[in-house]
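Undergrad: My questions all concern the structure below.
There are 2 protein chains.
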Amino acid sequence: MNPTISINDSHRLQVAPLKIPTRLLLGPGPANAHPAVLEAMNTSPVGHLDPAFLGLMDEIQSLLRYVWQTDNQLTIAVSGTGSAAMEATIANATEPGDVVLVGVAGYFGNRLVDMAGRYGADVRTITKPWGQVFSLDELRTALETHRPAILALVHAETSTGARQPLEGVGDLCREFNCLLLVDTVTSLGGVPIFLDEWGVDLAYSCSQKGLGCPPGASPFTMSPRAMEKLQKRQNKVANWYLDMNLLSKYWGTERVYHHTAPINLYYALREGLRLIAEEGLASYWQRHQKNVEYLWQELENIGLTMHVEREFRLPTLTTVCIPDGVDGKAIARQLLNEYNIEVGGGLGELAGKVWRVGLMGFNSRPESVDQLIAALRQVLAK
Amino acid sequence: MNPTISINDSHRLQVAPLKIPTRLLLGPGPANAHPAVLEAMNTSPVGHLDPAFLGLMDEIQSLLRYVWQTDNQLTIAVSGTGSAAMEATIANATEPGDVVLVGVAGYFGNRLVDMAGRYGADVRTITKPWGQVFSLDELRTALETHRPAILALVHAETSTGARQPLEGVGDLCREFNCLLLVDTVTSLGGVPIFLDEWGVDLAYSCSQKGLGCPPGASPFTMSPRAMEKLQKRQNKVANWYLDMNLLSKYWGTERVYHHTAPINLYYALREGLRLIAEEGLASYWQRHQKNVEYLWQELENIGLTMHVEREFRLPTLTTVCIPDGVDGKAIARQLLNEYNIEVGGGLGELAGKVWRVGLMGFNSRPESVDQLIAALRQVLAK
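Chains W and S are the protein sequences, given in the same order.
Oh and the first sequence: position 135 is 135 in this note's numbering, straight run, nothing missing.
Convert by adding 382 to the 1-based position in the second sequence; the result is the number in this note's numbering.
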């Protein structure tokens, strides 16, 4: 003890036990976690090298391969939120000087640009107005022009609600000898994904959207082609926490200690994935599509329109145009404070122009739509 | 939907709901979380910009200042485990070419060396046999020799159980105009710390040890001196996820979205910290000291000895010498499988030579000691 120094109590808050309102989370995420997932999370932690935990890690790996439809050996959950998994793809794939071509049609495309720059990439961009997507022809032209080492695209742009079609993009990348890196944060679970069929080399996601879990443990996968680039690199990955050379030895058969995993979040993730495997991906995807179509119809019924062309709308996240003369922020605040319903506002180009409404995982239910529409009717009528 | 591609069910594991044995976690961490903490964690998530959540973030900041005994404005929890918080200190403080001097007397000193190298530091080391600590004179000589921009020390070496005294080190660092960076992963909560009194500029910790929470949201703090270095740097921080320029705008009054925080882990952390503030730091520290002294006495009573000199032993983690002729790994396995008690093995120089026994947070109780000693008596007698 240090009897010479006295304890300073100026920051010793005396607060009551946690009281948090119960919200219906229909924004861009987090969505409400499935009750069974919360229950699983509540299990007392064990050690990160406990045989019981190592077995659970193997199950998570297999189930992630299932929801992503990939055979990639290196398919894991990183110990951070979706942005950490995003950074993990960039950090491990990018070597200083690499040309990284990013398709930017929203906020998260820009984030990829920022991250790739930090890892020394020669970053190039192609852009589209927010809410639109790139055609195969546009991508071919861009690959011809920039000859990148990596093409990075956002499958589901959380800021716009647009779904970037990926069929044929992997073949194109092979033709131009580059890796295909894809953001599936708002698609995994809720939107059909066939990583291997589409030739995706690196992908990342999160737990708190389509998978119906709390945030904090985030799916990451890389293909044998991406692994080869990693193994050939001259320098260490410039990020210790997310270095797949180290992480693969913890998730692989060696079980070399790397960091203390967020044990309880892995309990949760395992349960979220288990529930999807039990229901089956086809049913899970169809449910998301069916419920979002119900949402679109009901929104139209109360006179609202959608920002994204129907063909490219995500089943998980819808951008709803704020009618002229309506204060979008005030409406969102009212929904939260008076109805305990969260919807998101617009970002960047769409700030002030749209609400973002998510129907993801456990929240993709007709009841969510009914509850939101009833509240919207009332607040918009005022 | 993609009717042309059929879903591959080869990774569709059909598994039962989670069943995890209940362990008494007396290794180097995680420790068992306090039951009230698990209960708080189980609250349904809200959004990361929900006013209810932002209020909770403020409470966490204040309570972290209390347990660390600092007034640092930038005191937050990063959205990853302790290693992420460690990397956050290095990433934000280190500019390419900076001389970073690391005191290495265990595994985590070496990890700091590895990390600092990845951020372009000119890394120098001073070393001690594992289990020993550096004197002020030795530190002065090293500062004179290396003239570093940053001196990095491990307050509580999780691999050895040694406590590095920090009194006077901050003054020394000011004399030599360098920042003092300190690992408090295994000390925060359980070991007296006076960050401001000691002149520490950067510190990090974890949630799953002295604070009695599950792992995954990790304390980080930096002083105004360290902030000044950050603000003056020429290049972006080479890590987007842990960039304090961005994170401080989310934790500060601006509330600019950065990433989706692991909401439920913050619920847990808030409760863990709240319980400490309720009990009071002095009592909390004394409890750790009293219980570990009871452990030492009981270990001696069954003929075991400790690796670290008494003066420098941590109250949170004890390295116990494995007696000659005893298979340490086999004993640990037996404790786990037959008694549901986890203790850790040795790392690096101490591999095969010690067990690591933690009494941290909720687990720092006489009952933990009794349960361990009773089991050890039996397995060692066989």
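Idealized CB from N, CA, C, for every residue including glycine.
Owing to the predicted nature of the structure, the values given are computational and were not obtained by experimental measurement.
Tell me, please, whether the stretch 35–44 of chain W touches the stretch 166–176 of chain W by the rule of three or more beta-carbon pairs shorter than 8 Å.
TA: no
Undergrad: When you compare only the Cα positions, how much space is there between T471(S) and P412(S)?
TA: 22 Å
Undergrad: Here's the rule I'm using: 16 or more other beta-carbon atoms within 10 Å means buried, otherwise exposed. How should I532(S) be labelled?
TA: buried
Undergrad: If the cut is a Cβ gap below 8 Å, which residues of chain B does T404(S) touch?
TA: Note that chain B does not occur in the displayed structure, where the protein chains are W and S.
Undergrad: Check each candidate in A330(W), E367(W) and M306(W) and name the one with the smallest Cα separation from V385(W).
TA: There is simply no residue 385(W) to check, as chain W begins at 1 and stops at 382 in what is shown.
Undergrad: Hey, out of S83(W), A105(W), P214(W) and H155(W), whose CA is closest to L25(W)'s CA?
TA: P214(W)
Undergrad: Strictly below 9 Å CB to CB, what residues from chain W border Y632(S)?
TA: What Y632(S) touches in chain W: nothing, since even the nearest Cβ is about 11 Å away.
Undergrad: What residue does the beta strand (DSSP E) around I76(W) start on, and which one ends it?
TA: L74 to V78
Undergrad: When you compare the stretch 112–123 of chain W with the stretch 82–98 of chain W, are there three or more beta-carbon pairs, one atom per stretch, that lie closer than 8 Å?
TA: Contact annotation: the stretch 112–123 of chain W touches the stretch 82–98 of chain W, with at least three C-beta pairs closer than 8 Å.
Undergrad: Which residue marks the beginning of the alpha helix (DSSP H) containing D126(W), and which one marks its end?
TA: Looking at the sequence itself, residue 126(W) is Ile, so the reference to Asp does not match. For I126(W), no alpha helix (DSSP H) encloses it; the enclosing beta strand (DSSP E) starts and ends at D122 to T127.
Undergrad: Are M222(W) and N646(S) closer than 8 Å when you measure CB to CB?
TA: no
Undergrad: Name the chain W residues whose beta carbon is nearer than 8 Å to that of E469(S)?
TA: Neighbours of E469(S) in chain W, taken as residues at a C-beta separation under 8 Å, are given in chain order as N239, W240 and Y241.
Undergrad: Which whole runs of the beta strand (DSSP E) in the stretch 224–293 of chain W are 3 residues long or more, in chain order?
TA: For the stretch 224–293 of chain W, not a single whole beta strand (DSSP E) run of length 3 or above is found.
Undergrad: Would you mind working out which of A152(W), Q14(W), L314(W) and P129(W) sits nearest R287(W), comparing C-alpha positions?
TA: L314(W)
Undergrad: Measure the C-alpha to C-alpha separation of L269(W) and H393(S) and round it to an integer number of angstroms.
TA: Between L269(W) and H393(S), the C-alpha separation is close to 16 Å.
Undergrad: Using a Cβ cut-off of 9 Å, pull out every chain S residue sitting near R270(W), in sequence order please.
TA: Neighbours of R270(W) on chain S, chain order: V397 and L400.
Undergrad: Tell me, to the nearest whole angstrom, how far the beta carbon of L48(W) is from that of T186(W); I am working on the premise that it is less than 8 Å.
TA: Strictly speaking, residue 48(W) in this sequence is His, with Leu absent from that position. Rounded, the Cβ-Cβ distance is 29 Å, inconsistent with contact.
Undergrad: Grab me the residues of P409(W)'s own chain with a C-beta within less than 7 Å of its C-beta, minus the 5 sequence neighbours each way, in chain order.
TA: There is no way to answer for residue 409(W), as the model of chain W reaches only from 1 to 382.
Undergrad: Under a three-way DSSP split, which group does E477(S) fall into?
TA: E477(S): coil per DSSP, three-state reduction.
Undergrad: So that I know if they touch, is there some Cβ in chain S lying closer than 8 Å to that of E293(W)?
TA: no
Undergrad: Compute the distance between the beta-carbons of A733(S) and G727(S), then report whether it is under 8 Å.
TA: A contact, by the Cβ cut-off of 8 Å.
Undergrad: At which residues does the beta strand (DSSP E) containing A585(S) begin and terminate?
TA: L584 to Y586
Undergrad: V369(W) and L295(W) - do their beta-carbons sit closer together than 8 Å?
TA: Result yes, Cβ atoms of L295(W) and V369(W) sit closer than 8 Å.
Undergrad: Evaluate T425(S) with the Cβ neighbour count: other Cβ atoms within 10 Å of its Cβ, from every protein chain shown; 16 or more gives buried, anything less gives exposed.
TA: buried
Undergrad: Listing by chain order, which chain W residues have their CB less than 7 Å from the CB of E693(S)?
TA: Residues of chain W passing the Cβ test: none, with the nearest at roughly 13 Å.
Undergrad: Kindly give me the distance between the Cβ atoms of R124(W) and L179(W), rounded to whole angstroms, as I take these residues to be in contact under 8 Å.
TA: Actually they are not in contact, since the Cβ atoms of R124(W) and L179(W) sit about 15 Å apart, beyond 8 Å.
Undergrad: Under 8 Å Cβ-Cβ, which residues of chain W neighbour T642(S)?
TA: Within 8 Å Cβ-Cβ: G29, P30, T81, G82, S83, C206, Q208 and P215.
Undergrad: Which ranges does the beta strand (DSSP E) cover as unbroken runs of at least 3 residues, wholly within the stretch 505–543 of chain S, from first to last along the chain?
TA: 532–536
Undergrad: Where does S388(S) fall in DSSP's three states?
TA: coil
Undergrad: What is the C-beta distance between S589(S) and L456(S), in whole angstroms, given that I count them as a contact (C-beta under 8 Å)?
TA: So it is not a contact: roughly 18 Å between Cβ atoms.
Undergrad: Do we get a CB-CB distance below 8 Å when we pair F576(S) with the residues of chain W?
TA: yes
Undergrad: Could you tell me which chain S residues have their CB closer than 9 Å to the CB of L63(W), listed as they occur along the chain?
TA: H393, R394, L395 and V397
Undergrad: Measuring alpha carbon to alpha carbon, tell me which of I755(S), T635(S) and R556(S) ends up nearest G685(S).
TA: The shortest C-alpha to C-alpha distance from G685(S) to any of I755(S), T635(S) and R556(S) is the one to I755(S).
Undergrad: In chain order, what are the residue ranges of uninterrupted alpha helix (DSSP H) at least 4 long that sit wholly in the stretch 551–588 of chain S?
TA: 551–557 and 577–580
Undergrad: What residues in the stretch 752–763 of chain S have a beta carbon less than 9 Å from any beta carbon of chain W?
TA: none
Undergrad: Once DSSP output is grouped into helix, strand and coil, what is the label at P601(S)?
TA: strand
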